[in-house]
Amino acid sequence: MPLTDDQLWTLQVVERVASSFSLLGIVTIIATFCLSEHYRNPIHRLILINSFFNLFDAVATMISLSGPRAGNDSALCQFQGFLMQMFPPADVLWTTAMAFDVFLIVFHRYDAEALRKLEWKYFSVITTLVSIPAIAFLFVDTQDKGPMYGSVTLWCAINPNWVLFRIIFYYGPIWFLILVSMVLYGLIGVNILKRKHAFKAISNDSFPLESVSQNNGDADDANAQSQDGESTISLYHTPPPSRSSLSFRQYVLMPLMIFVILLAIWIAPTTNRVASFTNPGYLSDPLLLAVGATGSLRGFWNGVVFITIGMKARKGKAAAG
């Protein structure tokens, strides 16, 4: 049963209000990073870079139902479809990159400088992976199925006539990356539990936010050994006084929180897509409202985590003296 005009109007309002919150979160991330040195650490920098991807995502959701109303062949619909194909998956890739950063810290004792060197690689790989299909699909248009990008009620994305491509190039990769992140955090959790005495010793110590050479033999390294003496975890916890830092616990917690939010965000869209795939023509107004709200809030939630963890770390540093 088609949605009524009132239902469509409500969907558009929900999308645009949520998109406005996302834009607010994105502006907050960028402004805070530029104005406060305290937020200039590897994980915060990844969130900052991702915020520029979230900006285009928010533009797409702000267009809202105007894309489908313009028609599948319109420039607006094609532009919105391109944005929706490129930037939501990029958000998932950046979240996976954050999980990989934590993995490198816990298992390979990477410091801030070593993590910083990975950023351009993350950017290059992520941009390449998401841009190739997004651009290629702009040129796909057949007599039988029409253009690749078309109306999916809420916005323009991969046309329902091309639903298999939607699964292969959108939902499939997204849930694969979510699974990869789950595995990484599972390994991290097991490792921390196995070495809980060592990690407890350094959980409130600082992790350096600025350039520090990775040198296991440096006399300034802080070594925390587990009781069985089998493993040593070296963390640099004495950065120059002028540099602020996150505790090790907060350094792990921030990307984990972003991952949990990411997981929650993708439940409604995936449920809607599975329902549409198994029952073509299926439309649920409450489900579409959930998709519109959660799918438009990515930048907002990233901003909340960015500020919340950073402020907590700052208060902890101030309390420590």
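Numbered per the working numbering, the sequence shown spans residues 50 to 370. For every residue, glycine included, the Cβ atom is placed at its ideal position computed from N, Cα and C.
Residues of its chain near residue i, where Cβ-Cβ distance is below 7 Å and the 5 sequence neighbours each way are ignored
i      : result
LEU60  : LEU114, LEU203, LEU337, LEU338, GLY341
TRP211 : LYS194, MET197
PRO318 : VAL340, GLY344
PHE225 : none
VAL63  : LEU338, GLY341, ALA342
LEU312 : ILE227
ARG65  : MET111, SER113
LEU305 : TYR234
ASP277 : For ASP277, the predicted structure reports a pLDDT of 46, less than 50, and the residue's modelled location is therefore unreliable. A value from the coordinates is still provided. Excluding sequence neighbours, ASP277 sits near nothing in its chain.
ILE356 : THR77, THR81
Per DSSP, cross-strand counterpart(s) of residue i
i      : result
GLY195 : THR191
SER71  : BP columns for SER71 are empty, so no partner.
ALA435 : A question about residue 435 goes unanswered here, because the residues of the chain that appear run from 50 up to 370.
Cβ-based burial, residue i [other Cβ within 10 Å; buried from 16]
i      : result
LEU284 : Low per-residue confidence applies at LEU284: pLDDT is 44, beneath 50, and the placement is therefore not dependable, though the value from the model is reported in the following sentence. By the 10 Å Cβ count, LEU284 comes out buried.
VAL157 : Residue identity differs from the one stated: residue 157 is His in this sequence, not Val. Exposed, since its Cβ has fewer than 16 Cβ neighbours within 10 Å.
ASN272 : At ASN272, the pLDDT of 44 sits below 50, so the modelled position is not reliable and the matter cannot be decided from this model.
VAL141 : buried
ALA109 : buried
SER260 : At SER260, the pLDDT of 41 sits below 50, so the modelled position is not reliable and the matter cannot be decided from this model.
SER291 : Legend: pLDDT at SER291 = 39, less than 50; position of this residue unreliable, value from coordinates given subsequently. Its Cβ having fewer than 16 others within 10 Å, SER291 is exposed.
ASP122 : exposed
ASP55  : exposed
ALA107 : buried
ALA183 : buried
ALA80  : exposed
CYS205 : buried
PRO329 : exposed
PHE188 : exposed
LEU302 : buried
GLY199 : buried
GLY221 : exposed
ILE358 : buried
LEU84  : exposed
LEU213 : exposed
ILE223 : buried
Own chain residues within Cβ distance below 6 Å of residue i, not counting five before or after
i      : result
TRP350 : ILE310
GLY352 : GLY74, THR77, ILE78
ILE112 : GLN129
LEU125 : GLY116, ALA119
LEU153 : TYR159
ASP190 : PRO196
VAL239 : none
ALA67  : ALA342, SER345, LEU346
8 Å contact criterion, which residue i and residue j should meet: CB distance rounded
i      : j      : result
SER100 : GLY344 : The Cβ separation is near 17 Å, so there is no contact.
PHE102 : ALA139 : 4 Å
ILE217 : GLN134 : Actually they do not touch by this definition, with Cβ atoms about 12 Å apart.
ILE237 : VAL179 : Their Cβ separation, rounded to whole angstroms, is 26 Å, which puts ILE237 and VAL179 out of contact at 8 Å.
ARG94  : ARG215 : Contact flag wrong, Cβ pair sits at about 32 Å.
PHE105 : PHE136 : 5 Å
Neighbourhood of residue i by C-beta distance below 8 Å, restricted to the same chain and skipping five residues each side
i      : result
THR320 : LEU336
TYR331 : ALA324, SER325
ILE314 : THR343, GLY344, LEU346, ARG347, TRP350
PRO91  : ASP150, ALA161, LEU164, ARG165, GLU168, LEU258
ILE307 : ILE96, THR144, MET147, TRP350, ASN351, VAL354
LEU52  : LEU60, THR202, LEU332, ASP334, LEU337
LEU72  : LEU104, ALA107, MET111, GLY348
Contact test: residue i Cβ vs the ligand HEM heavy atom, cutoff 7 Å
i      : result
VAL141 : The ligand HEM is not part of the structure shown, which contains no ligands of any sort.
Is there contact here, the region 115-134 with the region 161-174, by at least three beta-carbon pairs under 8 Å? Output reads no: the region 161-174 does not touch the region 115-134.
Quick check: the region 228-237 against the region 147-166, are at least 3 beta-carbon pairs closer than 8 Å? Touching, yes.
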